[in-house]
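Encoded as structure tokens, the structure appears first; notes follow it.
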């Protein structure tokens, strides 16, 4: 029987037995784990760089005055730690359900890692220039692009049939919508920044409210699907 497997083995034309098929699947799963481990390392480095970019007040500067002057940097550290943490949770969930891959999926993940590795820069920039429109827009735009890359990985994996069969259509749609809603907050904040940068940054806090609301919507949709006799995709 001919078997096609995405990933390092794209197509095997010769007949193979169950033992060989199991070996191939094990190799593909190991390759997926390598991608996840590499991505975890990038996330860890990016989060570490956030605090390393906050300078210590020099001896010539009063400690209290220096710390107060760096409050915007501390605030941006908290914001970016939360943002990167949300991206990591989404990435972790995505790869928990991925059972196969191809070159395009790996390329999408590399693009996401490039965005994650870049986040400490606009974080530092905004910490130093929190009232500047350009700094706010650059940070928000970076989060939007990163969110688009993260959602693209899930969408592409679902489209290609790389996700676990246990996921229902409702669960796949809910996860996609969740990513879009959370990062839409930063997209909306971009035009707000041209009116008032501070208002745009305050608006980012609404992203925290969006998550529980979205979870409630997802639960209601799943309950409605079960009531209508819906099942896994």
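Residue numbers (the working numbering): 26 to 258.
Even for Gly, the Cβ is constructed at its ideal location relative to N, Cα and C.
For residue 145, the enclosing alpha helix (DSSP H) begins and ends at 145-153. One alpha carbon belongs to residue 138, the other to residue 224, and they sit about 29 Å apart. Checking the DSSP bridge columns, you'll see residue 131 has no partner listed. Within the model, the alpha-carbon separation for residue 104 versus residue 70 is close to 16 Å. Residue 215 sits close to residue 165, with the two beta carbons spaced by under 7 Å. DSSP places residue 82 in no alpha helix (DSSP H); its state is neither H nor E. Spatial neighbours of residue 222 in its own chain (CB-CB distance under 8 Å, excluding positions within 5 residues in sequence) are listed in chain order as 155, 156, 157, 158, 160 and 161. Going by beta carbons, residue 91 and residue 97 fall outside the 7 Å limit. If you ignore the 5 residues before and after residue 201, its C-beta comes within less than 8 Å of the C-beta of 176, 179, 180 and 183, all in its own chain and listed in chain order.
In this structure, the alpha-carbon of residue 122 lies about 29 Å from that of residue 74.
Contact between residue 119 and residue 141 does not hold, since the beta-carbon distance rounds to 14 Å and is not under 8 Å.
Residue 145 counts as buried, since at least 16 other C-beta atoms from the protein chains shown sit within 10 angstroms of its C-beta. The segment 134-220 is shown to contain no whole beta strand (DSSP E) run of 3 or more residues. Under DSSP, residue 123 shares a beta bridge with 188. Nearest to residue 229 by C-alpha distance, out of 129, 126, 115 and 101, is 101. In this structure, DSSP gives residue 59 a helical state, which the three-state scheme calls helix.
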